[in-house]
Amino acid sequence: DAMVIQNPRYQVTQFGKPVTLSCSQTLNHNVMYWYQQKSSQAPKLLFHYYDKDFNNEADTPDNFQSRRPNTSFCFLDIRSPGLGDAAMYLCATSRDGTGALNTEAFFGQGTRLTVV
Amino acid sequence: GDSVTQMEGPVTLSEEAFLTINCTYTATGYPSLFWYVQYPGEGLQLLLKATKADDKGSNKGFEATYRKETTSFHLEKGSVQVSDSAVYFCALSDPIKAAGNKLTFGGGTRVLVKP
């Protein structure tokens, strides 16, 4: 029944070593999002895809990249993780991103990233 | 820009107590409003939503009414359980945004229900 699946749930990476987090969805939603959530804070949007169109938030560091090879999958790449990048990373999807068709976002369970 | 303000926690209360979490917003358009709940170590789950003024969202005993005149969307539950212990996020999405149904979140309110 899982609709937005994130793998792995927990990821430990070394300082400076590239790491990739993955997200898949069975909802066939055209919008996919990546959020960063640090402890006891609200999720912060990093970027989103509307179909294949990539939309980066202005304050997202260059260290964070994303790929969406098809509708179902989206990846978050952190090129050189620093200690400050340790966080929960949340993937979400929604059906439509424009106009008055505001539907809720469906979130995965998140990947908790630890940088050592 | 859009913003959401919700009461800071933690909120600690006893089982069967009444819960209210205040949420107010500012938005340039006519937003949809949401409450999400996050249990420890988990992602966010939609609790309820409202898409227009005077709509009442409800789920699992929780309710919130979209009040355009006061730009508020307060969350209430009449009798909480220990299992309601979680962090609650108020959020909005603004239809005039050009692309992406982006959510603007409040800071979250941690609720702890004691037996």
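So the sequence lines, in the order shown, correspond to chains S and Y. Per our numbering, the first sequence runs over residues 42 to 157. Per our numbering, the second sequence runs over residues 515 to 629. Think of the CB as a built atom: it goes at the ideal place given N, C-alpha and C, for glycine as much as any other residue.
Task: Residue-level contact to chain Y via CB, Q55(S), 8 Å cutoff - done: Position 14 of the first sequence holds residue 55(S). No, Q55(S) lies away from the interface with chain Y (no Cβ there is under 8 Å from its Cβ).
TODO: Please state if the CB of V72(S) and the CB of Y160(S) are separated by a distance shorter than 8 Å.
DONE: For chain S, the structure presents residues 42 to 157; residue 160(S) sits outside this window and is missing.
TODO: Can you check DSSP and say which residues form a bridge with A128(S)?
DONE: Sequence index remark: in the first sequence, residue 128(S) carries index 87 (1-based). According to DSSP, A128(S) bridges with L154(S).
- [ ] Name, please, each residue of chain Y whose Cβ falls closer than 8 Å to the Cβ of L131(S).
- [x] The residue you call residue 131(S) lines up with position 90 of the first sequence. In chain order: G557, L558.
Open item on the list: With a threshold of 7 Å (Cβ to nearest heavy atom), would N48(S) be considered close to the ligand FMN?
Closed with: Among the ligands in the structure shown, none appear at all, so the ligand FMN cannot be discussed.
TODO: Please classify G151(S): is it buried, with 16 or more other beta-carbons within 10 angstroms of its beta-carbon, or exposed?
DONE: Taking the first sequence and counting its residues from 1, one reaches residue 151(S) at position 110. Buried, since its Cβ has 16 or more Cβ neighbours within 10 Å.
TODO: Tell me where the beta strand (DSSP E) around E98(S) begins and ends.
DONE: On the first sequence, residue 98(S) is found 57 positions in, with the first residue counted as 1. In the DSSP assignment, E98(S) falls outside any beta strand (DSSP E) and carries neither an H nor an E.
Task: chain S residues whose Cβ lies nearer than 7 Å to that of L617(Y) - done: As a first step, residue 617(Y) must be located in the second sequence, where it is residue number 103. For L617(Y), the chain S residues whose Cβ falls inside 7 Å of its Cβ are A146, in order along the chain.
Open item on the list: Using the three-state DSSP reduction, which class does D118(S) fall into: helix, strand or coil?
Closed with: Position 77 of the first sequence, counted from the first residue, corresponds to residue 118(S). If DSSP states are grouped into helix, strand and coil, D118(S) belongs with the strands.
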